[in-house]
Amino acid sequence: MKDTKLYQVLSNIDKYEQNRCRKYIASPYFNRSEELVMLFDYLTSHIHREKHTEISKLEIWQLIQRERAYDDARLRKYLSDLFKLVEDFLAQEAFEADELGKTTYLLSAIRGRKLDILYQATMRKADLASEKVVQRPAKYYYQKYEIENDTFYLLELDIHRDKQDNLEQINSSLDQFYFAEKMRLFISEKTRESGSRDLSLIPEIKRYLQERDIENYSFIVQLYYQTLLLYTEEEKNTHFQKLKQLLYELSPEVPTDEAHGFYIAAVSYCIDEISSGKVDFYKYLMELYKDMIAKNMIVKDNDLSPWTFKNVVTAAVALKEFDWLENFISTYSQYLPDDFRDNAVSYNLARINFEQKKYDKVISLLREVEYDDISYNLNSKTMLLMTYYETNELDALDYILESFRVFLNRHKELPKQRQAYFKNLIKFTKKLTKIIPNDEKAVQKIKQEIEGIPSFKVRWLDEKIKELENDLQSKSLS
């Protein structure tokens, strides 16, 4: 019984909703079965007082049908009927919360019954409800279209009218809805790993909007349009900057969930640019994350994605914003999933200490990282490798280089690109340790070898080679 959809739904709505649900079920307009009210009371009472105990079907039957022998089929019918009522209640709650939606149904009813005596007052009510709506996603413009469409037919009923028709408003509302929804579907498809389907009319919509002043359209259409251009145009940076500006000026009419999606599109573009070597995009990435934090969008449903957490740390480390980053980790690590939290905090605090050259703390913090997660295992080994090089602990470095090599050989499931990355890191770190002081040829040879692998970019290795070059230059001048 506790595994049924009915019990689980009732368990997941709060006491206030349960009270409203009981009133709904007890209303003779919706239900005339007293047994269903009794069944509802029994289940909600069990949820609040005896959730740890099992539910007896026989006990339920004796409560609602004392005079009859137990009938399992009949009990299942009661449960099914109650579940249907609970579903209807949830739909009614959503309906009551949507003032604009209620108005569209009222207008439709007036139109269907030709109740022209009500249409003027209802149209004024619809206009007022429309103006009061703060959040205006694509659905809002569809509801506006429905209202305008019903208004058109109601105006036709008024033979004394001297007003113009509202065809322009109908067309505008429909365009706003259609353009936003089509672009949303296209962007959703493109963000899927397997997204390869071409959706109809996207080129035509893009061309149509390019020929018009986009600022004449709603904020939601402008956001989808700039995101669409970011995915489809070659000159992406121009559209990224425009999208970023729209996000900074974000209107409250954009629902938080949709706004979060636009931020993720902009963040993904920054990460792609950084991956291609454009490190100046760390600045833009950090600006976007700080803006998301300021607008309470970094955490969704009391949950912070481990990958978002990692990206924020990476950007802040690259920009050397260590004080800000420590505060971020302290404040937001609580929102990480339980099985990620300890590793994420220890590893990322180690990253901060590494950048600050506090190498003893790095080693201490990395000891707290659980190596069951292969990603943390690889990243921790990488940081240990760099730490032992920095502290000139060559025996420890030799040990980690060898154990790292063995680890990679054991984990053949790693993608070839990642295997190659870490194997190159091991190889070039080994070569760095074998350079004889003042051997300029050896330094240049390693530099050229690294530059000859376009897909292999390690900022730390570049810095070590630069340090060796600077040492050679200083000695040549002395």
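With our numbering applied, the sequence shown corresponds to residues 977 to 1454, in that order.
From the three backbone atoms N, C-alpha and C, an ideal C-beta is built for every residue, glycine too.
Keep in mind it's a predicted model, so treat the numbers as computed, not measured.
With respect to Arg1087, Asp1151 sits apart: the two C-beta atoms are not nearer than 8 Å. Of the residues assessed, Thr1080 falls on the buried side of the cut-off, its CB having 16 or more other CB atoms within 10 angstroms.
The Cβ atoms of Ile1178 and Phe1155 do not sit closer than 8 Å to each other. Note that the C-beta distance between Leu1199 and Phe1153 is not below 8 Å.
Judged by DSSP secondary structure, Gly1088 falls within the alpha helix (DSSP H) whose first and last residues are Glu1075 to Arg1089. Contact between Ile1001 and Leu1012 is confirmed by a C-beta separation of about 6 Å, below the 8 Å threshold. No Cβ-Cβ contact shorter than 8 Å links Val1109 with Pro1228.
A distance of 8 Å or more separates the beta carbons of Phe1162 and Leu1219. When beta bridges are read from the DSSP output, Asp1336 appears opposite no residue.
Note on geometry: alpha-carbon atoms of Leu1039 and Asp1048 lie some 14 Å from one another. When secondary structure is reduced to three states using DSSP, Lys1276 falls in the strand class. In this structure, the beta-carbon distance from Ala1294 to Tyr1258 falls below 8 Å. With a cut-off of 8 Å on Cβ pairs, the segment 1317 to 1328 is in contact with the segment 1337 to 1352, counting three or more such pairs. Counting along the chain, Met1359 sits inside the alpha helix (DSSP H) bounded by residues Ile1350 to Glu1366. In the assembly as shown, Arg1343 is an exposed residue. Its beta-carbon has fewer than 16 other beta-carbons within 10 Å. Assigned with DSSP and collapsed to three states, Arg1188 falls in coil, not helix or strand. With respect to the C-alpha of Trp1300, the residue from Leu1206, Lys1266 and Arg1394 having the closest C-alpha is Lys1266. Ile1123 counts as buried, since at least 16 other C-beta atoms from the protein chains shown sit within 10 angstroms of its C-beta. Residue burial annotation: Met1268 is buried, with at least 16 other C-beta atoms found within 10 angstroms of its C-beta.
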